[in-house]
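Asker:
Okay, structure coming up:
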């Protein structure tokens with residue numbers, strides 16, 4: 025078989041895989057947004073079947089042999105070779121798993137999500153605990169098939185952020201704690217900023233009207249993007265021109281849906297801006313979870329929480345809510361949306377305390393997989409860590425252990441990337457500011473120019489390079505956590521006049 029014939033066979037296989045992936049993605053989006061609850065069991069069983077069919081395609085011995093052959097073929101171009109190497113690694117990681125166990129796990133994850141939704145609605149961890157235990161036991165068994173020298177949790181960390189492990193994350197979080205904890209203590213003792221006006225009643229229908237203008241400003245075009253609502257905001261996609269985001273409206277928290285939207289649009293832009301020639305293949309995915317979160321956190325915090333962003337948007341928000349915000353100045357509003365104080369909800373946490381929310385989840389995950397923490401009484405473990413790290417007493421499971429969706433589908437090892445991505449973003453912003461005045465663009469409704477810079481320097485490459493390599497390409501240096509720490513110290517020292 026010639027190289028051309030082998031590549032044709034490879035491309036045909038890619039198309040089939042992408043068709044199954046598209047179907048599963050749309051079913052998953054539907055499940056979390058509009059699908060009727062009563063049909064869950066029927067859908068879950070068939071979704072698991074489709075996932076099994078995709079599993080068979082991806083682990084077909086003939087295809088695995090083809091991938092191995094193409095890896096060593098000198099006539100294959102660099103981009104295809106990179107993709108083929110990634111597919112081959114993925115096949116090696118899953119080939120060892122019995123198909124029936126893989127399908128059973130997918131069905132379990134769907135059932136676990138359903139249980140999480142119910143448990144959260146009733147603020148009762150006991151309804152979710154049996155499913156969480158099964159998911160963890162299943163993950164341990166499935167990862168065990170790899171026969172890796174790494175611990176199971178280190179394998180999980182590496183899957184979400186290639187090259188990362190507990191040792192590196194421990195050092196990363198130690199660096200954060202060293203400078204963030206003293207700063208948090210100083211802020212706590214400082215004169216507190218007013219924020220009570222943010223928790224008045226802001227009718228959801230009026231919030232949605234404001235959101236229409238915000239999405240237009242963000243250039244989240246309906247030709248390639250679509251926003252819906254879900255219990256936990258997320259972004260999903262089928263290709264560069266079909267990116268779906270969700271947000272969640274809270275009547276007594278006007279800023280929540282706004283910042284969730286800006287966050288998720290950051291994810292959507294990453295997928296939309298990847299080179300279209302990668303569509304339908306593994307290179308069309310973001311480099312890593314940390315790199316993906318760097319784009320969403322960059323949009324949410326380094327753009328969406330700035331004074332200049334709100335110089336443009338605040339007058340419009342005031343028009344929608346004159347009674348609530350008419351007497352509140354722009355400066356007061358800006359300070360309020362950046363107030364730092366210990367809280368319960370990670371997705372609504374301020375920039376300063378946010379890494380501690382992630383650290384708590386990281387420590388719990390490590391314990392769940394090294395045997396030092398059990399799913400039984402995990403709600404109490406959670407509450408104890410929130411008391412230790414943030415000094416708050418968690419009132420119920422809904423705002424405690426049940427607040428995040430990630431554990432329901434076995435996404436252990438993902439949480440640390442939120443903090444890592446936040447730090448990545450600070451370094452990218454430092455570089456971006458060398459090219460133009462970011463604040464001026466935000467104030468002048470030129471958000472698309474910022475996205476174009478991110479597209480050119482980061483998004484377009486997709487998974488062509490590993491995160492450390494891409495970081496050096498963009499910024500000219502290795503990742504340095506001090507860019508984030510310097511940024512956060514400067515911001516909160518000024519905000520609280522320390």
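Numbering (my numbering), first residue to last: 25 to 522.
By construction, the Cβ of each residue, glycine as well, lies at the ideal position given by its N, Cα and C atoms.
1. So, is residue 120 buried or exposed, given that buried needs 16 or more other C-beta atoms within 10 angstroms?
2. Roughly how many angstroms separate the alpha carbons of residue 65 and residue 165, rounded to a whole number?
3. May I have the straight-line CA-CA distance separating residue 507 from residue 86, to the nearest angstrom?
4. Tell me the residue span of the alpha helix (DSSP H) that contains residue 253.
5. Just to confirm the assignment, what range does the beta strand (DSSP E) spanning residue 374 have?
6. What is the DSSP secondary structure of residue 26, counted as helix, strand or coil?
7. Using 8 angstroms as the threshold, is the segment 308-320 in touch with the segment 482-499, meaning 3 or more CB pairs across them?
8. Thinking just about the alpha-carbon of each residue, which of 78, 190 and 138 is nearest to the one in residue 441?
9. Beta strand (DSSP E) containing residue 268: first to last residue?
10. Taking 9 angstroms as the threshold (C-beta atoms), are residue 84 and residue 27 in contact?
11. Any chance the segment 243-259 sits against the segment 343-357, with 3 or more Cβ pairs inside 8 angstroms?
12. Any idea if residue 501 is buried or exposed, counting beta-carbon neighbours within 10 angstroms, 16 or more meaning buried?
13. Is the segment 411-424 close to the segment 138-154, with three or more CB pairs under 8 angstroms?
14. So, with DSSP's three-state summary, where would you put residue 364?
15. Note down the Cα distance separating residue 327 from residue 480, rounded to an integer number of angstroms.
16. Should residue 315 be labelled buried (16 or more other beta-carbon atoms within 10 Å of its own) or exposed?
17. Considering only the alpha carbon of each residue, which of 350, 285 and 425 lies closest to residue 403?
18. Is the separation between the beta-carbon of residue 130 and that of residue 80 shorter than 9 angstroms?
19. What separation, rounded to the nearest whole angstrom, lies between the Cα atoms of residue 62 and residue 432?
20. Taking the straight line between their C-alpha atoms, what separation do you get for residue 414 and residue 379?
21. Can you tell me the Cβ-Cβ gap for residue 516 and residue 376, rounded? I've got them flagged as a contact below 8 angstroms.
22. Just confirm the distance between the C-beta atoms of residue 497 and residue 451, as a whole number of angstroms; I'd bet it's less than 8 angstroms.
23. Which of the three DSSP states is assigned to residue 120 in this structure?
24. Quick one: grab the DSSP three-state call for residue 398.
25. Return yes when the Cβ of residue 107 is within less than 9 angstroms of the Cβ of residue 302, no when it is not.
26. Quick one: give me the first and last residue of the alpha helix (DSSP H) that residue 477 is part of.
27. Report the option in 46, 93, 71 and 59 whose CA atom is closest to the CA atom of residue 25.
28. My output table needs one value for residue 517: the three-state DSSP class, helix, strand or coil.
29. Quick check: what's the CA-CA separation for residue 33 versus residue 40?
30. For a minimum of 4 consecutive residues, which ranges assigned as the alpha helix (DSSP H) are wholly contained in the segment 308-341?
31. Relative to the alpha-carbon of residue 390, which residue among 77, 181, 281 and 331 has its alpha-carbon at the smallest distance?
32. Out of 476, 460, 443 and 475, which one is the CA nearest neighbour of residue 200?
33. Confirm, please, whether the CB-CB distance from residue 111 to residue 132 is below 9 angstroms.
34. What is the C-beta distance between residue 135 and residue 54, in whole angstroms, given that I count them as a contact (C-beta under 8 angstroms)?
35. Are the C-beta atoms of residue 434 and some chain C residue less than 9 angstroms apart?
36. Would you say residue 490 and residue 154 are within 9 angstroms of each other, going by their C-beta atoms?
Answerer: Result, derived from the coordinates:
1. exposed
2. 24 angstroms
3. 48 angstroms
4. Segment 249-253 is the beta strand (DSSP E) holding residue 253; no alpha helix (DSSP H) there.
5. Run containing residue 374: none; DSSP gives neither H nor E here.
6. coil
7. yes
8. 190
9. 266-271
10. no
11. no
12. exposed
13. yes
14. coil
15. 18 angstroms
16. buried
17. 425
18. no
19. 19 angstroms
20. 11 angstroms
21. 6 angstroms
22. At roughly 12 angstroms, the Cβ-Cβ gap does not stay under 8 angstroms, so residue 497 and residue 451 are not in contact.
23. coil
24. coil
25. yes
26. 471-481
27. 93
28. helix
29. 11 angstroms
30. 313-321
31. 181
32. 443
33. no
34. At roughly 16 angstroms, the Cβ-Cβ gap does not stay under 8 angstroms, so residue 135 and residue 54 are not in contact.
35. The question asks about chain C, but that chain is absent: this structure has only one protein chain.
36. no
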